[in-house]
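Peer 1: In the working numbering, the protein residues as written are 1295 to 1589. We treat Cβ as the ideally placed atom computed from N, Cα and C, and that holds for glycine.
Written out as structure tokens, the structure reads:
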């Protein structure tokens, strides 16, 4: 029988961290983050990384495991996560995967074997002359499914996705070798309520020192280009700090981009019919599902 793992997915600002901690305490679990930016050290306020106080003594893994100056891949994530899952299982505890990066979660849970495609520097140079919108339009034609999950302003990731599709001559055929028996729990809120939470959350992070965090990262040697690649908050913080945007423009555009990111998250997750969706208030129903799963 394959090892059981609990997977909690939802868009940002929906309350997945609180739910995960509560379930971990109730069902003797330990938490593995599945967030493509929270793996980086120093990206705390901007990514909404859980604090020690919020962890309430529950072990959390795969936070702060990478240098933000260096690129961290999904392959690296899967290797670390598989090792961590086994360590949790060896302690007779329940591994709980929590996050909003659908590609990381799918690669881990379904055992995706990604195609090995070497970098093509000539192609990258040629594509690098195009705008983000031109590249995104190109990717939508080559690989519509990947385009739905990718940040349309993240030029580096779009170029890599195009590179893979062109190298293989088709949309990548992904092999799956699943190691686990998962239970998927998804959290969601009505759009207007979620928009309000995003706005409030962003305001709190700015008050908590998100701008100072970006300045600190810059002083530590993080380039403007790399900050842009890290996306969302750090992209717009970089634009603000380089005086390309006013503070008001940064907040307005960032709020809009976060909402677009949430829509991409939902598009990815809604395609997975294994996910049982709940309101964050559905505590009893969620507990009943997890109880049946772990018994």
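(1) Residues bridged to residue 1476 by DSSP?
(2) Rounding to the nearest angstrom, what Cα-Cα distance links residue 1429 and residue 1422 in this structure?
(3) When the Cα of residue 1398 is compared with those of 1558, 1369, 1438, 1306, which residue comes out closest?
(4) Taking only the alpha-carbon atoms, compute the straight-line gap between residue 1312 and residue 1348 and give it to the nearest angstrom.
(5) With DSSP as the reference, label residue 1552 as helix, strand or coil.
(6) Return yes when the Cβ of residue 1383 is within less than 7 Å of the Cβ of residue 1321, no when it is not.
(7) What residue range does the beta strand (DSSP E) around residue 1392 cover?
(8) Given residue 1334, which residues of its chain have a CB within under 6 Å of its CB, disregarding the five upstream and five downstream residues?
(9) Check residue 1545 in the structure and name its three-state DSSP category.
(10) Provide the residue span of the alpha helix (DSSP H) that contains residue 1326, from first to last.
(11) With 16 as the cutoff for other CB atoms within 10 Å, does residue 1345 come out buried or exposed?
(12) Could you spell out where the beta strand (DSSP E) holding residue 1570 opens and where it closes?
(13) Look at residue 1299 and residue 1314 and say whether their C-beta atoms are less than 7 Å apart.
(14) Which residue comes first and which comes last in the alpha helix (DSSP H) that contains residue 1428?
(15) Quick one, which of 1416, 1480, 1473 has its alpha-carbon nearest residue 1308's?
(16) How many whole angstroms separate the CB atoms of residue 1342 and residue 1499, which I take to be in contact at a CB cut-off of 8 Å?
(17) Pick from 1412, 1316, 1448: whose alpha carbon is nearest that of residue 1577?
(18) Mind reading off the beta-carbon distance from residue 1329 to residue 1393? Whole number of angstroms is fine, and I expect it under 8 Å.
(19) From this set, 1400, 1541, 1491, 1493, which residue's C-alpha is nearest residue 1474's C-alpha?
(20) Is it the case that the Cβ atoms of residue 1562 and residue 1472 are separated by a distance below 7 Å?
(21) Distance check for residue 1583 and residue 1589, CA to CA, integer angstroms please.
(22) Are residue 1426 and residue 1440 close, meaning C-beta to C-beta below 7 Å?
(23) First and last residue of the alpha helix (DSSP H) that includes residue 1461?
(24) Check for me: the alpha helix (DSSP H) holding residue 1384 runs from which residue to which?
(25) Under 7 Å, do residue 1553 and residue 1482 count as touching if we go by C-beta distance?
(26) Please report the residue range of the alpha helix (DSSP H) in which residue 1585 lies.
Peer 2: With the structure as the only source:
(1) 1299
(2) A straight-line Cα-Cα distance of about 9 Å links residue 1429 and residue 1422.
(3) For residue 1398, the nearest C-alpha among the options comes from 1369.
(4) 8 Å
(5) helix
(6) no
(7) 1388 to 1393
(8) 1360, 1362
(9) Correct three-state label for residue 1545: helix.
(10) First-last for residue 1326: 1323 to 1327, but that is the beta strand (DSSP E), not the alpha helix (DSSP H).
(11) Exposed, because fewer than 16 other Cβ atoms sit within 10 Å of the Cβ of residue 1345.
(12) 1570 to 1572
(13) no
(14) Residues 1426 to 1436.
(15) Ranking the options by Cα distance to residue 1308, first place goes to 1480.
(16) 7 Å
(17) 1316
(18) 5 Å
(19) Nearest of 1400, 1541, 1491, 1493 to residue 1474, Cα basis: 1400.
(20) Here residue 1562 is not near residue 1472, since their CB atoms are 7 Å or more apart.
(21) 10 Å
(22) no
(23) Segment 1449 to 1462, the alpha helix (DSSP H) holding residue 1461.
(24) 1368 to 1384
(25) No, the Cβ-Cβ distance between residue 1553 and residue 1482 is not below 7 Å.
(26) DSSP places residue 1585 in the uninterrupted alpha helix (DSSP H) bounded by 1577 to 1588.
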